[in-house]
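Colleague:
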Amino acid sequence: MEDRPSYAAVFYMFLRNSLVRDLSFRSNFWIECVSSLSWVIMNLGFYLLIFSYTTSIGPNTGWGKWEFFVFLATTLLVNSLVQMFFMPNIQEFSELIRTGKLDFALLKPIDTQFLVSFEKVNWPSTANFLFGLLLMGISLFQLTHRPERPIELTATMVVTFVIFLLCGVAILYSLMIVLAASSIWLGRNTSLYDFWFYITSFSRYPMEIYNAGTLGMSLQLIFTFAIPILIVVNVPARIMAQPFGVSETQMWALPIYMLVATGMSLWFSRWVFKMSLRSYRSASS
Amino acid sequence: MADLAARASTWWAIFQINFHEKLVYRGDFMLGTLMRFLPILTQIFLWSAIFSAKGESSGNAEIVGYTYYNIVAYYLLSTISRAFSSMPGLASGIALQIREGEIKKYLIQPLDLISFFLLNRIAHKLTYYIVAAVPFAIVFFLCRGYFAGWPPGHVLAAYFTSLVLSFMLGFFMEATIGMIGFWFLEVRSLLFVYMLFTFFLSGHMFPLDMLNELGGPWALIVKSLPLMYLAYFPAAVFLEKITGPELFWGLVVQVGWVVFFIIASRLSFHYGVKQYSAYGG
Amino acid sequence: MPPIIQIEKLTKTYEVYQKQEGLLSSIRGLFHRQYKTVEAVKGIDLTVDQGEFVAFLGPNGAGKTTTLKLLSGVINPTSGSATVMGHVPWHRDNAYRRRFALVMGQKNQLWWDLPAQDSFRLHQKIYRIDADKFQRSQDELVDLLGVKELLSQPVRALSLGERMKMELIAALLHSPDVLFLDEPTIGLDVVAQHNIQQFLKHYQQERKITVLLTSHYMKDIAALCQRVVVIAHGVIIYDGSLSGIIDRFGGYKIVTLTFADDNAQGSLARFGDVISEDYPKVKLRVDRSRVGEVLASVLDQYELADVGVEDPPLEEVIADVFSLAHPGDKSANEKLAEASS
């Protein structure tokens, strides 16, 4: 008998079981789809409102209305993936520790972090994902069909976009694990979602808006290098939207850095996860 | 008199429990209060970028009557409004108690559910203000340059009145929504929609005046909802965007909404209990 | 054959945050916390052979569950060593994790909103059980426990007893060689308790697996276990057969006297504690060493219709042992140590 379980087969069971569960509460499923979509639509309304007062975010950055909507669509895609696969699990992670149910996860002959991170899948988030694809399609259509400097969409763009999108998801996942694990030491998990919301608010806008003042520059440095939240959406969105304000160097240097940052984040989150398990093991009876 | 003393001691006990609870989760709480300003910070940078994109030297450019400084001040003030009017966990807590049957406790004991929750919430808020006063003071001191100085006394009086009213409005509105749990067991999604509307339509996300120039019925609709009193109204009063008779009538309408939701929460509790004792168990 | 479980000087201590009373102390707690060290297990030595069914008995907080968690590798020990089937549990190698199972009566691991069947399939994938073998074990277990028609109902719709049966199936699907059961019958009604006992008995005898069980129900233990280990305050104070507990700790016998007359002259208290007086029947609690002497003088002084000498009920003896083992009571602990030596 082989020692390692087949992770793909287990993951497929997670997907399947979650779908069965979500569909057995059908009305709830639809309500959740609609309510998370309405959140997105309200956001969209807010940005439409902003663009009725301005033509671009920041002077000479190139983040006009449709470029920004590419950015927004990227945000949506990243967030919906995170919500679909990780949000319910990692919220539960600290709950498991609190109630002592983590014991069962530790018994299984399978990697504990894998089990804890992927067990539940939140299918209603696909609604947001599809909406993100739609918004991306519309915005790209506008950008490729505009009279001045139309964007030329290439296969390379799409492939690199997908790669960096997944890197973004991985960085957010790592951050989430670190937050959840540290909430164990702080002794509470209720505000995990709040923390998450506050910290990820830095990923929501083009990083050019922080090009002002010492505070802006230091925020930019902190959230690029210490907690790489700023590059999560910015790097893939720039690949697609190609705002003219971004320098040549940044166009290739930042993506390379992002690959490094993704690797380091994943490694760090794994380390923190192990530490939290260790403290769980020595601190509980 | 003895009754009053007994009440005061109950109140003190509730206050202490809340205070201790907050302190036990110290790290969480301190971080949480500071983090609360992060989204505001991003919002301020966003507006700074928008204003500078307008090409004029910042300070003079205006969007619907707001300079860049006004906008920053508005966001800071709206966090104060929300510190008063937001009621985290209230509606969901009530709905949960109904669902788990804990509500029976209040039907047996000589205790009025709504008063009990109100008392709890006041204690909760007071504790919050005591502990969060320091971070708030630091942020406002650092940002004092964005304010044009203190408004005149009567404006301040109106401002504090509207803040207290926004607390009451927030409380009774959420309590009423929580009572819906008597009729529907799954209120989570409903609460999410409520949260969504408060987030955007209370003025937490942007000054509601921006809707004025949009055309269409939007501004009228949003300004007829009670939600704008949760964040926009107090902040606009402080910034003297609302003055004179408009201010007076605004306060009157806010009082009206508070009274409306006091009655609504009482009625829904009354009929909810009836429904509960008839069918539930 | 080497023993299947071997524990030497196993200890586990952990720290709990001491919450301070009062407002000022709470504020102080912001900066400096006080911890109290709790010794859950203090030096346990135990050897269990293949095929044994061993019960852990002890008051709440005695260290039973902690010991089971240590053996299943969920938590790390502070010191000491243990091997189960040659593996060190807290190394948590997959080879070990595949060969045992832990069932906790107070915690469930099945998906709440799904039929148990779906959780079983997930187990199949995690434990890498062949489709054939999986189907066979599932059919057998489902059959034995009589839950066939419940397989497709969501777990939340099952009764507590039915849920426990499903938990057992989930734990046994991969045919573990060692099974840890932590209060498997807690909160169940008498019928469900009996069903689960019968099942465990049958399954253990059939498969010759090794089982460690903790329970508060003497009936579970009497029905299932040949060997009982009494733990109090993190140490083992008794290891032997269930009836042996009475010999060891039951320091007295119950003497039942049925008098020929309707009354007995003089106080009977000089012979021992009077438990009940219901003339002509009187029950006395008499120190074991004095039984002979008491009987002789009673027979000498009274006319009796009947005499009976019995062991005290097991529950009572156990309750005595537990109450002797009260924390902080030094003299009681010494008494215990004496009694168990």
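Protein chains in written order, with the working numbering: chain A, 1 to 285; chain B, 1001 to 1281; chain C, 2001 to 2341.
Using N, Cα and C, we set each Cβ at its ideal position, and we do this for glycine too.
Computed from a predicted structure; not experimentally measured.
DSSP on A:F114, reduced to helix/strand/coil?
Modeller: It is helical.
Colleague: How many angstroms separate the CA atom of C:L2070 from the CA atom of C:N2076?
Modeller: 6 Å
Colleague: Give the interface partners of B:A1061 over in chain A, defined as CB-CB distance under 8 Å, in chain order.
Modeller: Under the 8 Å cutoff, chain A gives no residues; its nearest Cβ is about 10 Å from B:A1061.
Colleague: For A:V40, which of A:M84, A:T75, A:Y53 has the nearest alpha-carbon?
Modeller: The option with the nearest alpha carbon to A:V40 is A:T75.
Colleague: What residue range does the beta strand (DSSP E) around C:M2104 cover?
Modeller: In the DSSP assignment, C:M2104 falls within the unbroken beta strand (DSSP E) covering 2100 to 2104.
Colleague: So which residues of chain C does A:F225 contact, with C-beta pairs closer than 9 Å?
Modeller: Ordered by position in chain C, no residue passes the 9 Å Cβ test against A:F225, which lies about 31 Å from the chain.
Colleague: May I ask which residues mark the beginning and end of the beta strand (DSSP E) holding C:D2306?
Modeller: 2304 to 2310
Colleague: Please list the residues of the stretch 191 to 205 of chain A that have a C-beta atom closer than 8 Å to any C-beta atom in chain B, keeping them in chain order.
Modeller: S191, D194, F195, F197, Y198, I199, S201, F202, R204, Y205
Colleague: State buried or exposed for B:E1102, treating a residue as buried only when at least 16 other CB atoms are found within 10 Å of its CB.
Modeller: exposed
Colleague: Would A:P255 pass as a contact of A:V235 if the rule is Cβ separation under 8 Å?
Modeller: yes
Colleague: Indicate the three-state DSSP secondary structure (helix, strand or coil) for C:T2037 in the structure shown.
Modeller: Three-state DSSP puts C:T2037 in a strand.
Colleague: Once DSSP output is grouped into helix, strand and coil, what is the label at A:P206?
Modeller: coil
Colleague: What does the Cβ neighbour count give for C:K2165, buried or exposed, with the cut at 16 atoms within 10 Å?
Modeller: Burial is judged here by how many other beta carbons sit within 10 angstroms of a residue's own beta carbon; C:K2165 has at least 16 and is buried.
Colleague: State yes or no: is the C-beta of C:Y2127 nearer than 7 Å to some heavy atom of the ligand NAD?
Modeller: The model on display carries no ligand, and the ligand NAD is accordingly not part of it.
Colleague: Leaving out the 5 sequence neighbours to the left and right, which residues in its chain are closer than 8 Å to B:I1080 when beta-carbon positions are compared?
Modeller: Excluding residues within five positions, the ones whose Cβ falls inside 8 Å are F1136, L1163, P1234, A1235.
Colleague: If you follow the alpha helix (DSSP H) that A:G213 is part of, which residue opens it and which one closes it?
Modeller: 213 to 221
Colleague: If contact means a Cβ-Cβ distance below 7 Å, which residues of the stretch 210 to 221 of chain A contact chain B?
Modeller: Y210, A212, G216
Colleague: State the Cα-Cα distance for the pair C:D2049 and A:A8, rounded to the nearest angstrom.
Modeller: 38 Å
Colleague: Report the rounded CA-to-CA distance for C:L2257 versus B:K1104, giving the unit in angstroms.
Modeller: Spanning the two alpha carbons is a distance of roughly 54 Å.
Colleague: Taking only three categories from DSSP, how would you classify C:Q2006?
Modeller: strand
Colleague: Are the stretch 1166 to 1180 of chain B and the stretch 1264 to 1280 of chain B in contact at 8 Å, needing three or more beta carbon pairs?
Modeller: yes
Colleague: Are the C-beta atoms of A:V20 and some chain C residue less than 8 Å apart?
Modeller: yes
Colleague: Which residue wins for smallest C-alpha separation from B:R1121, given the options B:F1248, B:F1238, B:I1017, B:V1252?
Modeller: B:I1017
Colleague: If you drop the 5 nearest sequence neighbours on each side, which residues of the same chain put their C-beta closer than 7 Å to that of C:G2250?
Modeller: D2311, P2312, V2317
Colleague: Checking contacts by CB at 8 Å: is C:N2094 closer than that to chain F?
Modeller: Any reference to chain F falls outside this structure, whose protein chains are A, B and C.
Colleague: Does DSSP put C:H2174 in a helix, in a strand, or in coil?
Modeller: Reduced to three states, the DSSP call for C:H2174 is coil.
Colleague: Enumerate, from N- to C-terminal direction, the unbroken alpha helix (DSSP H) stretches of 4 or more residues contained entirely within the stretch 81 to 169 of chain A.
Modeller: 87 to 99, 102 to 107, 112 to 118, 126 to 144
Colleague: By Cβ distance, which residues of its chain are closer than 6 Å to B:I1094, with the 5 residues on each side in sequence left out?
Modeller: Correct list, in chain order: G1178.
Colleague: Please classify B:R1036: does DSSP put it in a helix, a strand, or coil?
Modeller: coil
Colleague: With a CB to CB cut of under 6 Å and the five nearest residues on each side skipped, what residues in its chain are close to A:N60?
Modeller: G245
Colleague: Touching or not, the stretch 82 to 90 of chain A and the stretch 114 to 131 of chain A, by the rule of three or more beta carbon pairs under 8 Å?
Modeller: yes
Colleague: Under the assumption that C:I2129 contacts C:L2068 (Cβ atoms under 8 Å), give the Cβ distance between them as a whole number of angstroms.
Modeller: In fact, because the Cβ distance is near 24 Å, the residues do not count as touching under 8 Å.
Colleague: Hey, is B:P1039's beta-carbon within less than 8 Å of any beta-carbon in chain A?
Modeller: yes
Colleague: If I'm right that B:R1036 touches A:Y198 with Cβ under 8 Å, what's the distance once you round it to whole angstroms?
Modeller: 7 Å
Colleague: What did DSSP end up calling A:G64 once you bin it into helix, strand or coil?
Modeller: Note: A:G64 maps to strand in three-state DSSP.
Colleague: Could you tell me which of A:E95, A:T112, A:G263, A:E67 sits nearest to A:F273, measuring between CA atoms?
Modeller: A:T112
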